[in-house]
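Peer 1:
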Amino acid sequence: MTTDHSPGTDCVIVINCGSSSLKFAVLPVVGEEVLIKGLAERLGGPEAVLKIERDGESARISIPSATHRGALQAAIRHMNGLNPRGIGHRMVHGGEEFTDSVVICDDMMAAVERCICLAPLHNPANLVGVRTARELFPELPQVAVFDTAFHQTLPPKAYLYAIPRTYYEELKVRRYGFHGTSHHYVLLETARLLDRRAEQTSLITMHLGNGCSACAIRNGRSADSTMGLTPSEGLVMGTRSGDVDPALHQFLQDQTGMRLGEITAMLNSRSGLLGLSGLSNDMRTLSAAAHDGHQHARLAIEVFCYRLAKSVCGLMAALDTIDALVFTGGIGENSPQVRAMTAAHLNLLGVVLDDARNAVHGRADKGSISSPESRIPCLVVPTNEELMIARETLRLIS
Ligand code: AMP
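Per our numbering, the sequence shown runs over residues 2 to 399.
(1) Taking Pro373 as the reference, which of Glu42, Thr191, Pro85 and Asp355 has the closest Cα?
(2) Please determine whether the Cβ atom of Gly243 lies at a distance below 7 Å from any heavy atom of the ligand AMP.
(3) Suppose the cutoff is 6 Å on Cβ atoms and the five residues either side in sequence are ignored; what does the same chain contact list for Ala298 look like?
(4) With a threshold of 7 Å on Cβ separation, who are the neighbours of Pro232 within its own chain once the five nearest residues in sequence on each side are excluded?
(5) Taking the straight line between their C-alpha atoms, what separation do you get for Arg222 and Ile62?
(6) Figure out for me which residue from Pro29, Glu34 and His69 has the closest Cα to the Cα of Ser22.
(7) Does the Cβ of Asn385 lie closer than 7 Å to at least one heavy atom of the ligand AMP?
(8) Any chance you could list the beta strand (DSSP E) runs of at least 3 consecutive residues sitting entirely within the stretch 196-268, in chain order?
(9) Please name the residue or residues paired with Glu58 in a DSSP beta bridge.
(10) Could you check the C-alpha separation between Arg260 and Tyr169 for me, to the nearest Å?
(11) My guess is that Gly87 and Val131 are in contact by the Cβ rule of under 8 Å, so how many angstroms apart are they, rounded?
(12) With a floor of 3 residues, list each beta strand (DSSP E) that falls wholly inside the stretch 292-375, ordered by position along the chain.
(13) Starting from Ala391, trace the alpha helix (DSSP H) in both directions and tell me its first and last residue.
(14) So is the beta-carbon of Gly235 under 7 Å away from any non-hydrogen atom of the ligand AMP?
(15) In whole angstroms, give me the CA-to-CA distance for Leu189 and Gln251.
(16) Using alpha carbons as the reference points, say which of Gln254, Asn127 and Val339 lies closest to His208.
(17) Just mark Ile53 as buried or exposed, buried being the case when its beta carbon has 16 or more other beta carbons within 10 Å.
(18) CA-CA distance, Lys38 and Ala49?
(19) Taking 6 Å as the limit between beta carbons, can you name the residues of its chain near Thr3, skipping five residues before and five after?
(20) For the ligand AMP, is there a heavy atom less than 7 Å away from the beta-carbon of Asp108?
(21) So what does DSSP say about Gly45, is it helix, strand or coil?
(22) Indicate the three-state DSSP secondary structure (helix, strand or coil) for Pro29 in the structure shown.
(23) Pick helix, strand or coil for Pro85, following the three-state DSSP scheme.
(24) Hey, how far is the Cα of Ala126 from the Cα of Val93?
(25) Spatial neighbours of Asn17 within its chain, please: CB distance less than 6 Å, with the 5 preceding and 5 following residues excluded, ordered by chain position.
(26) Using CA coordinates, which residue listed in Val353, Gly46, Leu40 and Thr10 is at the minimum distance from Val30?
(27) Would you check if the distance between the CB atom of Leu320 and the CB atom of Ser203 is smaller than 8 Å?
(28) For my contact list, Ala325 and Leu195 are in at a C-beta cut-off of 8 Å; report their separation, rounded to the angstrom.
(29) Starting from the Cα of Arg241, find the closest Cα among Ala215, Gly273, Gly258 and Ile264 and give me that residue.
(30) I need the straight-line Cα distance from Val1 to Gly294, nearest angstrom please.
(31) I'd like the span of the beta strand (DSSP E) that includes Ala145, first residue to last.
(32) With a CB to CB cut of under 8 Å and the five nearest residues on each side skipped, what residues in its chain are close to Thr149?
(33) Measure the C-alpha to C-alpha separation of Thr329 and Asn385 and round it to an integer number of angstroms.
(34) For the ligand NAD, which residues count as neighbours when the test is a C-beta closer than 6 Å to any heavy atom?
(35) Give every residue of the same chain whose Cβ lies closer than 7 Å to the Cβ of Pro47, excluding the five residues on either side of it in the sequence, and list them in chain order.
(36) Let me check one thing: in DSSP terms, what residues is Leu23 bridge-paired to?
Here it is in C-alpha cells:
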C-alpha cells in the first residue's frame, strides 16, 4: 500500500463503532475526498479482520482476537503521512439531551450513558469507540454527531405517541427519528443544487439503504420522520419490518409461544425485504431475481415501494410547500426501478419522472430525475455521512 500524500496532511478521523465492528474514514481538512477508509469486523473473535483502502489499493489484515482498541491501533499504522486534527464519532441516540453535535467531555459521556436505555445495542458500542479513541489520542479534540439530533425540531404533534402521557414524562417514550446526519447532509446538498438557502428549503428526503427512513424537512428543519422511538418504525427495510400492528406481538406470542425477545429479533433481522422475498435483503439481488421471474422478490419490491409512497403522502401533512422529493442511500441512489415504482404511486401529487434522467440517476442534470411537467421536482442526491461528521467535527473544534 503506497502513501503518496504529502507528509502531514491535516485530516479528521471519523469513527462509527458497532458492538463487534469499527468502521472508520479519514478525510482531509481541506477537500472532500476520503483519504483512507476501513472496516474492522468480528472483533473479539479469532477471525477478526481489518479491511483498509488507501490510494486506490486495498488490504485485508488478520487481527485475531483484536478488540476495538487493537483494531484502531492497527488502523493507525496505516495513517502515516497524515496529521489528525480531530476525531468525529457517529452516535446513534442522543435522546432529548442532544439537539446538536457536541465536543466530547466527561459530562457529555455521562449524558450519553443516560440514553443507553433508548438504544441498548448501539450507544454502548458507540461509547466504546469514544473511550478507545480518547485513550489512543488523548491530545485530540473529539466530537459526537448524533443520528437523532437533526430531528429534535419535531413538534410534539409529530413526536408523541397516542399512549398515556406518563410514558413520555417518566420514560421519554416518544418518536425520535434517525439517519439525521444523512437527511441533514442531503438537505444542504439539495439546497446547493437548487440554489436556495437551506433554511428556506422544504423537502421530503428518502434515505433508502439497508436501513430506510424518510423525513419531512420544513424550512431547513426536520418536521417529521418515519422512524420512531427506535429505528424499527416506519418504512420496509432490508431486514426490518417497519410499521406493524401493535397487537402483532400479542398475537404471535399467543399463537406460536414465541417470547417477546424472539418476536423483536424476528421483526428486526428476518423481516423486511428478506422476510417478504425469502431470498435476500439486498435490493440488487431482488431486482435481478424479479427480472428472472421470482414472484416473491417482485412482491417484496412492490411492498417496499408502495409503503414508501404511502409514507411520503403522510409526511406531506408536515409541510405547506415542497421544493423537491429527494432519493438517497444505496437503493435511493442506484435503483431506477425503485424510484420509478415509488413515483408511480404518487401520480395524484403530480409526480412525473423523466425515464432517461432516472436511468442515469440524475447525473446528467444536477440530480434531477423528474420531467418538466412534474408538479414536484424529484432528485437523486448521494449522501455522505462521513463527510458530514467530518464537517461537524471541524465546525466544533475550530
Ligand atoms: P446502504 O446501506 O446505503 O449501503 O445501501 C445498501 C442497499 O443498497 C442494499 O439493499 C443494496 O442492494 C442497495 N444497492 C446498492 N447498489 C444498488 C444498485 N445498483 N441497484 C439496486 N440496489 C442497490
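For every residue, glycine included, the Cβ atom is placed at its ideal position computed from N, Cα and C.
Peer 2: Concretely, from the data shown:
(1) Asp355
(2) no
(3) Ser278, Leu280, Leu287, Ala290 and Ala291
(4) Phe179 and Gly212
(5) 43 Å
(6) His69
(7) no
(8) 204-209, 213-219 and 222-226
(9) Arg55
(10) 26 Å
(11) With a Cβ gap of about 13 Å, Gly87 and Val131 do not count as contacting.
(12) 325-329
(13) Glu386 to Ile398
(14) no
(15) 43 Å
(16) Val339
(17) buried
(18) 17 Å
(19) Its pLDDT being 41, under 50, Thr3 is placed unreliably by the model, and the measurement read from it follows with that caveat. Cβ neighbours of Thr3 beyond the five flanking positions: Asp56.
(20) no
(21) coil
(22) strand
(23) strand
(24) 10 Å
(25) Lys24 and Arg91
(26) Thr10
(27) yes
(28) 7 Å
(29) Gly273
(30) The structure shown does not extend to residue 1, since the chain is modelled only from 2 through 399, so no value can be given for it.
(31) Gln143 to Phe147
(32) Val93, His94, Gly95, Gly96, Phe99, Tyr177, Gly178, Phe179 and Gly181
(33) 10 Å
(34) By its list of ligands, the structure shown excludes the ligand NAD, since it contains just the ligand AMP.
(35) Pro65 and Ser66
(36) Cys18 and Ala41
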